[in-house]
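Asks:
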Amino acid sequence: MYHSISSGNQLRVPASEFRTQMTYLKSHGYRTLTADEAVYALKTHRVPQQKIVWITLDDSYKDNLTAAWPILKQTNQHATINFITGFTNKKNHLTLADAQRMKASGVVDFQSHTVRHLDLNNLTYQVQLSELTSSKKWLDQNLHQKTAVICYPAGRANQQTIRADQQAGYQYALSTAPGIATSTQSPYNLTRQRVTPGMSLTVFEGLLTGAK
Numbered sequence: 019m020y021h022s023i024s025s026g027n028q029l030r031v032p033a034s035e036f037r038t039q040m041t042y043l044k045s046h047g048y049r050t051l052t053a054d055e056a057v058y059a060l061k062t063h064r065v066p067q068q069k070i071v072w073i074t075l076d077d078s079y080k081d082n083l084t085a086a087w088p089i090l091k092q093t094n095q096h097a098t099i100n101f102i103t104g105f106t107n108k109k110n111h112l113t114l115a116d117a118q119r120m121k122a123s124g125v126v127d128f129q130s131h132t133v134r135h136l137d138l139n140n141l142t143y144q145v146q147l148s149e150l151t152s153s154k155k156w157l158d159q160n161l162h163q164k165t166a167v168i169c170y171p172a173g174r175a176n177q178q179t180i181r182a183d184q185q186a187g188y189q190y191a192l193s194t195a196p197g198i199a200t201s202t203q204s205p206y207n208l209t210r211q212r213v214t215p216g217m218s219l220t221v222f223e224g225l226l227t228g229a230k
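All residue numbers for the sequence shown refer to our numbering, where the first residue is 19 and numbers rise by one.
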């Protein structure tokens, strides 16, 4: 789990560190999954190879285009950007044109991070459903896809959220709870490993293997 590829706080991983980590994955034989591949693996219990990882970037920051995308292309890696569909006119976020260009490269795919990035726990069922349905429809129409994954803002959800996930047509949902996602978890509350700035390669390797 990444967010901004820059520096400044605990949600921002500098580009130099992101490059080192993507280079590590390449040199150690990891396959970085697309969202479709991750969904298939979770659903069927079948993986394309033993060493796999699903790289996710939350919040659709502009530096995902300017900093992360070139590194992904150079290292031949893939990432999923969890896109806030209502933020396309915000200065530091990706536009629709950015997303279309990045998706066309085959290096990046896009899944939903809702419309307004509100904490779903604080919303009524109908507002949750609107956030989930509207963002999926926007991505499906504008990126010509069938969006299967919702990433929860703030990583939080309640039982109403899960019901709304299902009604909106999502197959899986990502939280921010730590851990390696498996097919034995609830499909609507998958765990992820957070990458933080200043992390050593030894600690990064531990995230990949689940080592404590």
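Quick reminder that beta carbons are idealized off the backbone N, C-alpha and C, glycines included. Remember, predicted model here, so these are calculated numbers, not experimental data.
Going by C-alpha to C-alpha distance, which of V71, H96, I70 sits closest to N82?
Replies: In the sequence shown, counting from the first residue as 1, residue 82 sits at position 64. It is H96.
Asks: Rounded to whole angstroms, what's the CA-CA distance from P88 to G124? Just pull it up for me.
Replies: On the sequence shown, position 70 is the one that residue 88 refers to. On the sequence shown, position 106 is the one that residue 124 refers to. Distance between the alpha carbons of P88 and G124 is about 13 Å.
Asks: For L208, name the three-state secondary structure that DSSP assigns.
Replies: For the purposes of this step, residue 208 is identified with residue 190 of the sequence shown, where counting begins at 1. Note: L208 maps to strand in three-state DSSP.
Asks: According to DSSP, which residues form a beta bridge with D127?
Replies: Taking the first residue of the sequence shown as 1, we reach residue 127 at position 109. DSSP output for D127 lists T98 as bridge partner(s).
Asks: Any idea what DSSP makes of V213, helix, strand or coil?
Replies: Here residue 213 is taken as the residue at index 195 of the sequence shown, counted from 1. DSSP places V213 in coil when its eight states are reduced to three.
Asks: Less than 8 Å between the CB atoms is what I'm expecting for L138 and Q146, so what's the real figure, rounded?
Replies: One-based indexing of the sequence shown puts residue 138 at position 120. One-based indexing of the sequence shown puts residue 146 at position 128. About 5 Å separates the two Cβ atoms, so the contact holds.
Asks: Using 8 Å as the cut-off, can you tell me whether the region 61 to 75 makes contact with the region 40 to 49, which would need three or more C-beta pairs spanning the two stretches below that distance?
Replies: With a cut-off of 8 Å, the region 40 to 49 and the region 61 to 75 count as touching, because enough Cβ pairs lie within range.
Asks: P32 by DSSP, collapsed to three states: which one?
Replies: Walking along the sequence shown from the start, residue 32 turns up at place 14. Looking at P32 - three-state DSSP - the assignment turns out to be coil, as it is neither helix nor strand.
Asks: Which two residues bound the contiguous alpha helix (DSSP H) that contains S152?
Replies: In the sequence shown, counting from the first residue as 1, residue 152 sits at position 134. Residues 143 to 161.
Asks: With DSSP as the reference, label P88 as helix, strand or coil.
Replies: Position 70 of the sequence shown, counted from the start, is the residue given in the question as residue 88. Note: P88 maps to helix in three-state DSSP.
Asks: Under three-state DSSP, which class holds Y20?
Replies: Here residue 20 is taken as the residue at index 2 of the sequence shown, counted from 1. Three-state result, Y20: strand.
Asks: Can you tell me whether DSSP reads A191 as helix, strand or coil?
Replies: Here the question's residue 191 lines up with position 173 in the sequence shown. Of the three classes helix, strand and coil, the one that applies to A191 here is strand, per DSSP.
Asks: Less than 7 Å between the beta carbons of Y206 and A229, yes or no?
Replies: Taking the first residue of the sequence shown as position 1, residue 206 is located at position 188. Taking the first residue of the sequence shown as position 1, residue 229 is located at position 211. It is not a contact, given that the beta carbons lie outside the stated cut-off.
Asks: Go ahead and label P196 buried or exposed: buried means 16 or more other beta carbons lie within 10 angstroms of its beta carbon, across all protein chains shown.
Replies: Here residue 196 refers to the residue found at position 178 of the sequence shown. Classification of P196: exposed, given that the 10 Å Cβ count is below 16.
Asks: If I measure Cβ to Cβ from F36 and keep anything under 8 Å in the same chain, skipping five residues before and after, which residues do I get?
Replies: Within the sequence shown, numbered from 1, the residue matching residue 36 stands at position 18. These residues qualify, in order along the chain: Y20, I23, A85, A86, I89.
Asks: For D79, which three-state DSSP category applies?
Replies: On the sequence shown, position 61 is the one that residue 79 refers to. Looking at the sequence itself, residue 79 is Tyr, so the reference to Asp does not match. Here Y79 sits in strand by DSSP.
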